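Residue numbers (our numbering): 340 to 634. A virtual CB, placed ideally from N, CA and C, is assigned to each residue, including glycine. On a predicted model such as this, the values are computed, not experimentally measured, just so you know. What follows is one structure encoded as structure tokens, with my remarks underneath.
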Ligand code: NAD
């Protein structure tokens, strides 16, 4: 008896489930990369707001998409945690974080991954090579913040301090990180204590929405920055936030949020299609889509 050969697929149906995702750049990033690989890759948005559905509908949407032949889905706010209970399996980084941003349907099973974690890690390694990670301060303990914190501790950050204007949220994230990566590697501080921690830190990661058009300005006083501090941003619309501009003018090494956005998309593309994405081309696409020169 001969083993049947698996015929490579050239058409893929993918998409994104989330709330308010009309302006998402994911469809363009995935479809442009699909075109370059000679694939027929469609990426649809399943917007809970447009569909009049709540976050609890993610399980039903997932089942429907699977039945209709989708190859995979990205998952975003507010469903990244809720989706985990509808999956057959979680990849290690998604299990550790308790959040999923990519689901792959294969052989009748739904497997959850988290490419926000791997995306930030790759962006950091590419954009700030050799940056010291003894002590890092992170502002923002929401969805992006949790993924970035996991990436930083996985990359070897010795001590991560988390701050958020919702102090209980920062404390909860620090507790979770401590239990997963070892007590003493993560703690939290009130916003009033940021200056004291930053004075001795190697780097600052910003993971709040401050700097986006709807939330302009700096997320912390410019006086807390100094040239020896590297500054990494998660906001990518715009690519150059007020924080990055201020830090760069001071002489800090900086990393914009575009790399994380692109590498998470590239990792999801690889999971969906099995093809090796070209991240540098996708970075140029992102710069094109947000109207900025490529980094
Ligand atoms: P979220 O709402 O889950 O969390 C934001 C957190 O920031 C909240 O805990 C909030 O209390 C805190 N916060 C807001 N303003 C603050 C301030 N001035 N000072 C201190 N804390 C403050 O949001 P999220 O999903 O984590 O997204 C945050 C940002 O990250 C957004 O701009 C989003 O577009 C961006 N993001 C980027 C990527 C990427 O790939 N680069 C991925 C996901 C999210």
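For residue j and residue i, the rounded distance between their alpha carbons
i, j, result
"residue 530", "residue 538", "14 Å"
"residue 403", "residue 623", "34 Å"
"residue 562", "residue 427", "49 Å"
"residue 628", "residue 551", "15 Å"
"residue 590", "residue 523", "31 Å"
"residue 457", "residue 439", "12 Å"
"residue 542", "residue 571", "8 Å"
"residue 594", "residue 352", "32 Å"
"residue 506", "residue 498", "18 Å"
"residue 513", "residue 521", "11 Å"
"residue 435", "residue 567", "32 Å"
"residue 449", "residue 417", "19 Å"
"residue 569", "residue 621", "25 Å"
"residue 398", "residue 414", "11 Å"
"residue 469", "residue 460", "13 Å"
"residue 618", "residue 408", "27 Å"
"residue 478", "residue 508", "11 Å"
"residue 534", "residue 472", "18 Å"
"residue 369", "residue 626", "14 Å"
"residue 387", "residue 366", "16 Å"
"residue 474", "residue 494", "12 Å"
Coarse secondary structure for residue i, derived from DSSP in three states
i, result
"residue 348", "coil"
"residue 484", "helix"
"residue 474", "strand"
"residue 355", "strand"
"residue 615", "coil"
"residue 364", "coil"
"residue 340", "Residue confidence for residue 340 is low, a pLDDT of 44 falling below 50, so the modelled location carries little weight and cannot support an answer."
"residue 426", "coil"
"residue 533", "helix"
"residue 650", "No statement about residue 650 is possible, as the shown extent of the chain runs from 340 to 634 and does not include it."
"residue 420", "coil"
"residue 446", "coil"
"residue 606", "helix"
"residue 469", "coil"
"residue 495", "coil"
"residue 598", "helix"
"residue 517", "helix"
"residue 479", "coil"
Per DSSP, the bridge partner or partners of residue i
i, result
"residue 441", "413, 452"
"residue 526", "500"
"residue 593", "570"
Residue i burial status per 10 Å Cβ neighbour count (16 or more: buried)
i, result
"residue 350", "exposed"
"residue 389", "exposed"
"residue 348", "exposed"
"residue 489", "buried"
"residue 485", "buried"
"residue 553", "exposed"
"residue 451", "buried"
"residue 400", "buried"
"residue 616", "buried"
"residue 372", "buried"
"residue 446", "exposed"
"residue 374", "exposed"
"residue 574", "buried"
Proximity test, residue i beta-carbon vs the ligand HEM heavy atom, cut-off 7 Å
i, result
"residue 530", "Of the ligands one can find in the structure shown, namely the ligand NAD, none is the ligand HEM."
(Q) To test your reading of the DSSP string, which unbroken alpha helix (DSSP H) runs of 4 or more residues are found completely within the segment 368 to 416? (A) 387 to 390, 397 to 406
Q. Fully enclosed by the segment 538 to 590, which beta strand (DSSP E) runs are 3 residues long or longer?
A. 542 to 545, 569 to 572
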